[in-house]
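Colleague: Could you have a look at this structure, given as structure tokens, before my questions?
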Amino acid sequence: MLPLLRHARYVLSENPVTAFAFGLFAMFLLAAILGPLIAPFDPLATNTSLALKPPSAAHWFGTDQLGRDIFSRVLVATRIDLTIAFASVILAFLLGAVSGVAAGYFGGWSDRIVGRLADTIMAFPLFVLAMGIVAALGNTVTNIVIATAIINFPLYARVARAEANIRRDVGFVEAARLSGNGEARVLFGHILPNIMPIMMVQMSLTMGYAILNAAGLSFIGLGVRPPAPEWGIMVAEGANFIQSGEWWIALFPGATLMLAVFCFNLLGDGLRDIIDPRKRT
Amino acid sequence: MSAAPALAVEDLCVEFRTRSGVVKVLDQVGFSIAKGETVALVGESGSGKSVTAFAVMGILDAAGRVTSGTAMFGGSDLLALPERELAELRGRELSMIFQNPRTALNPIRRVGEQIADVLVRHGGATRAKAPALAIEMLKKVRIPDPERRAKAYPFELSGGMCQRVMIAIAIACRPSLLIADEPTTGLDVTTQAVIMDLIAELAREIGTATLFITHDLTLAAEYCDRIIVMHAGHVVESAPSATLFSAARHPYSARLLAATPGESGALASLASIPGSLPDLRRADLPSCRYSERCERRLDACAEPLPRTAVGEAHIVACRNPL
Amino acid sequence: MLGQILSRLATAVPSVIGVVIVTFMLTRLLPGDPAAYFAGLAATPQAIAEIRGKLGLDKSLPEQFIVYVGDLLSGNLGTSLSTGQPVVTEIATRLPASAELTLVALIVSAGIAIPLGVLAAVKQGSWIDHLCRVVTTAGVSLPVFFTGLLFAYVFYYLLQIAPAPTGRLDIFVSPPTHITGFYLIDSALTGNGEAFWGSLRQLALPASAMAIFSLAPLARMTRGSMLSVLGSDFIRTARASGLAPRTVVFTYAFRNAVLPVITTLGMVFSFLLGANVLVETVFAWPGIGLYAVNALITSDYAPVQGFVLTMAVLYITLNLIIDVVYGLVDPRVRLDT
Ligand SMILES: Nc1ncnc2c1ncn2[C@@H]1O[C@H](COP(=O)(O)OP(=O)(O)OP(=O)(O)O)[C@@H](O)[C@H]1O
Ligand SMILES: [Mg+2]
């Protein structure tokens with residue numbers, strides 16, 4: 001662990017962009033945790049006399065058509081957006097890691113089933129499949145999480161499968177098996193922990209995609225319902241005012257969304273540099 | 282050797298910039314090859330043989346840099362020529378055969394086209410005439426059924442066949458210097474001999490000088506007039522083949538010879554060379570890079586490397602030669 | 604040659620079966636009573652019962668599946684509640700709009716990404732390489748609906764150089780005679796300059812928004828594969844043979860480097876077809892994405908299902924084409940089937 005930390009520090013000092021991404025990530029995390037506490041206004045409070053005001057000292061990001069403070073709404077929305085993304089990534093990881101490891105370790109029919117499942121999911125354009133799933137399961141936040149997890153599942157399953165396959169016959173696994181550990185113990189006690197680093201990289205790489213996907217779904221009216229503040233919906237609401245020149249309603253939530261995705265993409269690349277042993281010197 | 286040599290390399294130094302610092306891969310490498318002569322460049326893996334060839338050809342990786350030296354070839358210094366002019370010479374006046382013929386050919390281009398590319402580039406032929414000439418070349422390197430083979434892709438040919446194509450590309454424009462970098466590694470033993478014979482024969486036919494890079498001293502002695510021994514980026518000894526075998530003067534050459542199965546093929550007498558190549562990234566590299574592995578080391582070895590002529594065309598870089 | 608294409612076709616069969624099963628399952632997952640769902644929100648109990656009978660929901664699941672497959676084979680995707688039209692005809696009339704948008708986006712994207720990636724690799728470490736890195740990281744981070752809106756704001760509202768972001772053609776311009784359904788092609792074929800120019804102007808913003816989104820994977824892949832090819836042995840051979848830099852970069856390196864890029868196109872299409880839905884929503888583009896979104900809002904399920912199925916079949920077909928093209932470009936693939 002210690003060499004990894006030292007290596008992490010080396011990578012961070014070598015690569016200011018990754019350090020920047022970590023800082024940004026901390027900021028988003030803070031906003032997600034403290035958002036409702038530090039928001040200057042109630043994100044749901046309407047005030048028609050203040051409707052459609054451009055950014056000002058009091059309302060940094062301006063106000064929307066109902067006079068709600070956009071800054072507060074963007075801030076408060078951080079929690080729901082990150083929660084959806086985290087939850088779906090973790091769910092995808094659990095589904096993908098377990099079935100992928102089993103497929104790679106046991107081979108045979110379990111491998112074929114997981115492989116066919118992943119292939120079938122990959123046969124759809126992923127966002128379209130997510131639309132179909134949410135439409136079928138019902139228009140709720142939970143179902144957005146499930147849909148996003150399902151479309152990310154093949155990625156995880158494939159990585160986990162490949163890694164487990166490589167490690168199946170490696171020395172320490174063999175040793176664990178010979179010393180009388182059951183298959184399940186070997187699988188979850190020895191193989192799964194060893195593929196964690198690479199799965200972590202995968203998770204941070206798909207985080208950005210998960211946020212984009214969830215925001216896209218709410219943009220077309222699936223999942224989070226108004227008036228709840230959520231970046232995708234806020235951009236959708238702002239879309240109606242773009243043609244009349246009220247740019248701030250869509251711009252600020254959209255830019256925040258973009259920044260969040262950007263942050264996670266940089267983070268994923270950075271994490272890969274830290275964890276990838278080939279880059280460790 | 283009164284006539285100007287085909288290639289005269291002097292004081293060649295090459296560095297590589299890597300993540301872990303600058304590697305001084307070649308240090309004051311010097312040798313020359315007479316017109317029509319066949320010279321071997323030997324040394325253990327990593328001693329800088331390929332880098333020497335690449336530097337002369339001007340095809341070093343982007344990380345590599347020639348820091349000093351000259352390589353006189355036909356009246357001009359290859360190391361100082363602008364890339365455009367050098368590219369004119371490459372493939373026409375000096376050309377190269379690589380190891381691993383399978384990867385050295387473009388995998389998705391028909392071999393006939395690859396030969397034709399060189400012919401067209403160097404004015405040997407028009408696009409229309411080139412295919413026929415390419416088939417001619419394939420015939421010359423004794424590829425059976427050349428018309429059909431010209432249309433083949435490298436993956437459809439055997440390793441030996443690919444190396445013949447490689448040779449055809451290299452000699453297509455009748456160069457005056459041919460560099461063959463371990464042309465037979467990766468081929469089976471019978472093919473090795475056939476390929477070596479082919480190179481030797483064609484070189485004689487077109488009168489080209491040949492620099493033959495190899496690990497294999499026996500092979501070197503069999504095909505070459507002279508042998509140059511390299512160690513860790515230094516030329517340590519250069520002598521006519523027979524002289525080197527009978528009276529090697531550098532301790533490293535002697536070790537290398539002892540590590541080579543003799544004509545009797547007596548493997549029992551095989552000795553390995555103690556130690557390994559020094560880490561070339563070190564700041565305190567000794568002036569003689571062999572000194573740390575050497576049993577004959579003297580205090581004087583810390584002084585700059587000498588270059589002593591100890592006989593007819595026999596040079597050794599050692600303060601305490603055998 | 605034909606045999607190879609057929610064998611590729613065969614590999615798509617399991618995918619198609621999987622897609623049909625999944626779309627079938629999606630309808631059975633509908634919360635509550637699927638019949639009520641298909642009948643719409645304001646349906647009477649009799650209407651629901653009638654729908655149930657019509658959909659065969661009173662039969663067993665396997666029977667239902669057989670009926671579903673039978674319907675699909677006879678080209679029946681159900682009827683839209685809000686328009687009363689068969690879903691198949693509506694999708695068929697709207698498909699060209701979506702296809703035209705997606706293809707133009709792909710052409711723009713590839714036209715920028717591939718040269719960018721090649722230049723970045725050839726001039727590694729130069730400003731163009733850095734530009735490529737920024738574009739690839741930023742490009743995937745852009746929510747396509749947001750870029751679309753920004754474009755509309757800047758080019759339509761602020762600069763007023765783009766037409767209103769509504770639809771394929773200005774209402775004052777009549778669409779070209781229907782031949783392929785692609786306005787650009789139809790207007791070019793009929794020599795209708797006004798319609799051609801008009802539809803090109805309408806296409807510019809949505810296609811650029813989509814192109815930027817799909818630029819990143821293409822540029823990244825081109826750069827990476829070009830770099831690895833440039834470092835390979837046969838490029839050294841080409842240089843050692845004195846071939847002109849142009850020949851080395853294009854005839855030798857690029858043709859090899861483009862192979863993995865072709866494979867990436869599959870992923871790019873997945874991106875594009877998804878982005879298509881969002882961009883059509885932003886630009887009121889009368890394609891199948893907007894059709895599905897409108898149906899979603901009114902809980903009109905048959906069009907959504909038809910849309911998902913169409914997109915999946917389209918995607919499988921595109922991947923198939925990619926496979927065949929790859930086989931044509933790479934001689935090594937032709938033999939080992
Ligand atoms: N691109 C490069 N970057 C850094 N170092 C390099 C590079 N190419 C070669 N070297 C270093 O140069 C030294 C000499 O390499 P070279 O390939 O010339 O050896 P060689 O004598 O040809 O060995 P072999 O017999 O294995 O082919 C090696 O120590 C190698 O590490
Ligand atoms: Mg070598």
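Chains as they are written, first to last, in our numbering: chain C, 1 to 281; chain F, 282 to 603; chain W, 604 to 940. We put the CB at the ideal spot given by N, CA and C, even for glycine.
Do residue 754 of chain W and residue 808 of chain W have their CB atoms nearer than 7 Å?
Modeller: It is a contact, given that the beta carbons lie within the stated cut-off.
Colleague: Leaving aside the five residues before and after residue 589 of chain F along the sequence, list all residues of the same chain whose C-beta is less than 8 Å from its C-beta, in chain order.
Modeller: 596, 597, 598, 599 and 602
Colleague: Nearest to residue 458 of chain F by alpha carbon, out of F:310, F:318 and F:303?
Modeller: F:318
Colleague: Span of the alpha helix (DSSP H) holding residue 735 of chain W?
Modeller: 730-744
Colleague: Going by Cα to Cα distance, which pick from C:127, C:132 and C:47 is closest to residue 627 of chain W?
Modeller: C:132
Colleague: Starting from residue 846 of chain W, find everything on chain F with Cβ-Cβ shorter than 9 Å and list it in chain order.
Modeller: 368, 371, 372, 398, 399 and 402
Colleague: Can you check whether the CB of residue 877 of chain W is closer than 7 Å to the CB of residue 127 of chain C?
Modeller: yes
Colleague: For chain F, check one thing: does any of its Cβ atoms lie closer than 7 Å to the Cβ of residue 785 of chain W?
Modeller: no
Colleague: If you draw a straight line from the C-alpha of residue 510 of chain F to the C-alpha of residue 491 of chain F, how long is it?
Modeller: 16 Å
Colleague: Okay, do the region 892-903 of chain W and the region 153-168 of chain C touch, 3+ Cβ pairs below 8 Å being the bar?
Modeller: no
Colleague: Using a Cβ-Cβ cut-off of less than 8 Å, give me the residues of the region 908-937 of chain W that come near chain F, in sequence order.
Modeller: 932, 933, 934 and 935
Colleague: Which residues of chain F have a Cβ atom closer than 8 Å to the Cβ of residue 837 of chain W, listed in chain order?
Modeller: 384, 385, 386, 387 and 388
Colleague: Please identify, using Cβ separations under 9 Å, the residues of the region 701-718 of chain W that lie next to chain C, in order along the chain.
Modeller: Against chain C - using a Cβ distance shorter than 9 Å - the region 701-718 of chain W contributes no residues.
Colleague: Closer than 8 Å is the cut-off here; do at least three beta carbon pairs connect the region 218-232 of chain C with the region 248-265 of chain C?
Modeller: Yes: the two stretches touch, three or more of their Cβ pairs being nearer than 8 Å.
Colleague: What did DSSP end up calling residue 296 of chain F once you bin it into helix, strand or coil?
Modeller: strand
Colleague: In whole angstroms, give me the CA-to-CA distance for residue 548 of chain F and residue 542 of chain F.
Modeller: Caution is warranted here: a pLDDT of 47 is assigned to residue 548 of chain F, below 50, making its placement in the model unreliable, and no coordinate value can be reported.
Colleague: I need the boundaries of the beta strand (DSSP E) containing residue 309 of chain F, first residue and last residue.
Modeller: 302-314
Colleague: Using a Cβ-based criterion (distance less than 6 Å to any ligand heavy atom), does residue 328 of chain F qualify as near ligand 2?
Modeller: no
Colleague: Starting from residue 384 of chain F and walking both ways along the alpha helix (DSSP H), at which residues does that stretch end?
Modeller: For residue 384 of chain F, the enclosing alpha helix (DSSP H) begins and ends at 382-385.
Colleague: Can you name the start and end residues of the beta strand (DSSP E) that residue 507 of chain F belongs to?
Modeller: 507-512
Colleague: Can you give me the C-alpha to C-alpha distance between residue 470 of chain F and residue 374 of chain F, rounded to a whole angstrom?
Modeller: 30 Å
Colleague: Does chain C have any CB closer than 7 Å to the CB of residue 775 of chain W?
Modeller: no
Colleague: Establish whether the CB of residue 695 of chain W and some CB of chain C are separated by less than 7 Å.
Modeller: no
Colleague: So with Cβ pairs under 7 Å, would you call residue 241 of chain C a contact of chain W?
Modeller: Output row for residue 241 of chain C: interface = no.
Colleague: Given that residue 866 of chain W touches chain F, what residues does it touch there, using C-beta distances under 9 Å?
Modeller: Those within 9 Å of residue 866 of chain W in chain F number zero; the least Cβ separation is about 15 Å.
Colleague: Taking just the CA atoms, how far does residue 750 of chain W sit from residue 861 of chain W?
Modeller: 28 Å
Colleague: Pick helix, strand or coil for residue 402 of chain F, following the three-state DSSP scheme.
Modeller: Residue 402 of chain F: helix per DSSP, three-state reduction.
Colleague: If you drop the 5 nearest sequence neighbours on each side, which residues of the same chain put their C-beta closer than 6 Å to that of residue 48 of chain C?
Modeller: 67
Colleague: Determine the direct distance from the alpha carbon of residue 460 of chain F to that of residue 550 of chain F, and round the result to whole angstroms.
Modeller: Its pLDDT being 48, under 50, residue 550 of chain F is placed unreliably in this model, and the value from its coordinates should be taken loosely. Straight-line Cα distance between these residues: approximately 32 Å.
Colleague: Name, please, each residue of chain F whose Cβ falls closer than 7 Å to the Cβ of residue 858 of chain W.
Modeller: 389
Colleague: Closest to residue 134 of chain C by CA distance: which of C:7, C:24 and C:220 is it?
Modeller: It is C:220 whose Cα lies nearest to the Cα of residue 134 of chain C.
Colleague: Against chain C, which members of the region 736-747 of chain W pass a CB distance test of less than 8 Å?
Modeller: 740, 741, 743, 744, 745, 746 and 747
Colleague: Is residue 331 of chain F near ligand 1, judged by its Cβ being under 6 Å from some heavy atom?
Modeller: Indeed, a heavy atom of ligand 1 lies less than 6 Å from the Cβ.
Colleague: Alpha helix (DSSP H) containing residue 439 of chain F: first to last residue?
Modeller: No alpha helix (DSSP H) contains residue 439 of chain F, which DSSP labels as neither H nor E.
Colleague: So, do the region 414-431 of chain F and the region 353-372 of chain F have three or more beta carbon pairs nearer to each other than 8 Å?
Modeller: Segment contact: the region 414-431 of chain F against the region 353-372 of chain F, fewer than three CB-CB distances shorter than 8 Å; contact not assigned.
Colleague: Take residue 175 of chain C as the anchor and find which of C:190, C:184, C:163 and C:162 has the nearest alpha-carbon.
Modeller: C:190
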